[in-house]
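Q: In this note's numbering, the protein residues as written are 49 to 357. Just so you know, even glycine gets a beta-carbon here, dropped at the ideal spot from N, CA and C. Fair warning: this is a prediction, and the values are worked out from it, not measured in the lab.
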Amino acid sequence: MNSKYLKGVGHLAALITVVAWGGSFISTKVLMEDGGFTPVEVYVYRFALAYFLMLALTFKKILSNNWKDELQFLVCGVCAGTLYFLTENYALKFTTAGNVSLLSAISPIFTTLLMAIVYRTRITKGVVAGSIACFVGVALVILSPAIALGLGFEIHPFGDLLALTCAVSWAVYSVAVKRLLPLYNSFFVTRKLFFYGVLTALPLFAFQKTPYHFAELFETPKYLLNLLFLVIMCSVAAYLLWNEAMKLIGSVSTNNYLYLQPLVTMVAGWFFFGEQIYLWGYVGCALIIVGLILADRWGVAPGSSNGGH
C-alpha cells in the first residue's frame with residue numbers, strides 16, 4: 049500500500065486518539081468530583097472493563113511467544129497503566145492542575161531522548177525546533193488564565209515530581225512497546241497492557257479505605273455513560289489506534305501528538321463548562337500546530353524511520 053497513504057492513516061489515528069484522551073479529563077472529572085470515585089476506582093473500573101472487552105475479541109491467544117516478551121508486556125502495563133494514571137491522578141492532590149498538565153506534556157521530549165539512547169535514533173533540528181515550539185505552546189495554553197489574571201506559577205515539589213514521573217512512565221512505555229509491535233497485532237498488545245495494568249493496581253484497589261462506588265454506576269446513568277466513554281473510546285479504541293499509529297509513523301511522531309491534548313481539554317472545557325479561552329491560549333494553539341508541522345516535515349533523519357517499523 050502507498051507509504052504516504054499509510055503515513056496519513058497513522059497521523060489520523062494519533063489525532064483521533066488525542067481528541068479522545070483530551071475529552072477523558074471531562075469524564076474523569078465527573079466521576080471523581082461529582083460521583084466521589086477515587087482515582088484507583090476510576091482506573092481499575094476503566095481498565096478492567098476494557099480488558100474483558102478486548103478478551104472477548106481476542107481470546108484465542110493468551111500468552112506471549114516467550115517469557116521475555118511477557119515481562120516486557122508487564123513493563124508496558126505498569127508504565128502506560130498503573131504508574132501513569134495513578135501518578136497523574138494523585139499529583140492533582142498535591143499540586144495544581146496546570147502544573148500536572150504542563151509537566152505531563154514533557155513526555156514526548158522524554159520519549160525522543162529515550163529513543164535516541166536505546167535505539168540510537170538521531171535527534172534532528174526539526175524535532176528539536178518542533179518540540180520547543182510545541183512545549184511553549186502547551187505552556188501558553190495551560191497558563192493563559194494565570195497570565196491573563198496576573199496569577200503566578202506555583203511550585204509544589206511532591207506533586208510536581210509525581211507529574212514528572214507520569215511523563216517519564218509514558219515515555220518508557222513508548223520505548224518498551226516498540227520491540228513488541230512488529231511481533232504481535234495491536235489487539236493482543238492492547239489487551240496485554242490492560243491485563244497487567246489492572247493486575248498491578250489490584251493491591252491498591254483492595255486496600256482502599258473509602259467505600260466503593262460500583263453500585264452508583266447503575267443508579268446514576270450519568271456516571272455509567274462517562275465510564276463507558278472512558279472504556280470504549282479512551283481505552284479500547286484509543287489504545288488500539290495509538291499502537292497502530294506507532295507502527296505507521298513511529299514512536300516519536302506519534303507521541304508528539306500528545307502536545308495537542310491540553311488544547312483539546314481547553315476546547316472541551318469551554319464547550320461543556322463554559323470556561324473562558326484567553327488570547328495566549330490561541331497563541332499557544334498556533335505554536336503547537338507549527339511545532340507538529342516542523343517535527344513531522346523536518347524531523348526524520350536521512351535513512352531513519354523516526355523510531356517506526
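List the whole-angstrom C-beta distance separating Thr238 from Leu288, where the pair is believed to meet the contact cut-off of C-beta under 8 Å.
A: 5 Å
Q: So what does DSSP say about Pro193, is it helix, strand or coil?
A: helix
Q: So Gly56 is in the alpha helix (DSSP H); what residue range does that whole segment cover?
A: Ser51 to Lys77
Q: In its own chain, which residues sit with a C-beta less than 8 Å from the C-beta of Leu101, not counting the 5 before and 5 after it?
A: Val279, Ile280 and Val284
Q: Are the segment 321-337 and the segment 84-100 in contact at 8 Å, needing three or more beta carbon pairs?
A: no
Q: If we count the other Cβ atoms within 10 Å of its Cβ and call it buried at 16 or more, is Leu342 buried or exposed?
A: buried
Q: Can you check whether the CB of Ala98 is closer than 9 Å to the CB of Thr159?
A: No.
Q: When you compare only the Cα positions, how much space is there between Asn114 and Ala62?
A: 29 Å
Q: Going by beta carbon distance, what residues of the same chain come within less than 7 Å of Ser192, once the five residues before and after it are set aside?
A: Same-chain partners within the cutoff: Tyr326, Trp328, Gly329 and Gly332.
Q: Would you call the segment 149-157 and the segment 306-315 touching, i.e. three or more CB-CB distances under 8 Å?
A: yes
Q: State the DSSP-derived secondary structure class of Gly84, mapped to helix, strand or coil.
A: coil
Q: Are Phe121 and Lys240 touching if we call contact CB-CB under 9 Å?
A: yes
Q: Determine the DSSP secondary structure at Asn114, reduced to helix, strand or coil.
A: Here Asn114 sits in coil by DSSP.
Q: Could you work out which residue in Phe320, Glu292 and Glu118 is closest to Leu358 when comparing CA atoms only?
A: In the structure displayed, the chain extends from 49 to 357; residue 358 sits before or after that span and is not available.
Q: With distances taken between CB atoms, is the gap from Lys226 to Ser112 smaller than 9 Å?
A: For the 9 Å CB-CB criterion, Lys226 and Ser112 do not form a contact.
Q: Just curious, the alpha helix (DSSP H) that Gly129 is in, first and last residue?
A: Here Gly129 belongs to no alpha helix (DSSP H), and DSSP marks it neither H nor E.
Q: If you draw a straight line from the alpha carbon of Leu119 to that of Leu228, how long is it in whole angstroms?
A: Put simply, the backbone Cα of Leu119 is about 11 Å away from that of Leu228.
Q: Less than 9 Å between the C-beta atoms of Thr213 and Thr135, yes or no?
A: yes
Q: For Pro205 and Met163, I'd like the C-alpha separation in whole angstroms.
A: 27 Å
Q: Would you identify the three-state DSSP class for Asn233, choosing helix, strand or coil?
A: coil
Q: Thinking Cys124 and Tyr221 are a contact (beta carbons under 8 Å), I'd like their distance in whole angstroms, please.
A: 5 Å
Q: Would you report the Cα separation of Phe236 and Ala194, rounded to the nearest angstrom?
A: 43 Å
Q: Under the rule that 16 or more other beta-carbon atoms within 10 Å means buried, what is Gly339, buried or exposed?
A: In the assembly as shown, Gly339 is a buried residue. Its beta-carbon has 16 or more other beta-carbons within 10 Å.
Q: Using the rule of at least 16 other Cβ atoms within 10 Å of the residue's Cβ for burial, across every protein chain shown, is Gly56 buried or exposed?
A: In this structure Gly56 is exposed. Its beta-carbon is surrounded by fewer than 16 other beta-carbon atoms within 10 angstroms.
Q: Expressed to the nearest angstrom, what Euclidean distance is found between the alpha-carbon atoms of Arg168 and Lys116?
A: 22 Å
Q: Looking at Ile336: is its Cβ nearer than 9 Å to the Cβ of Val186?
A: Between Ile336 and Val186, the C-beta spacing is below 9 Å.
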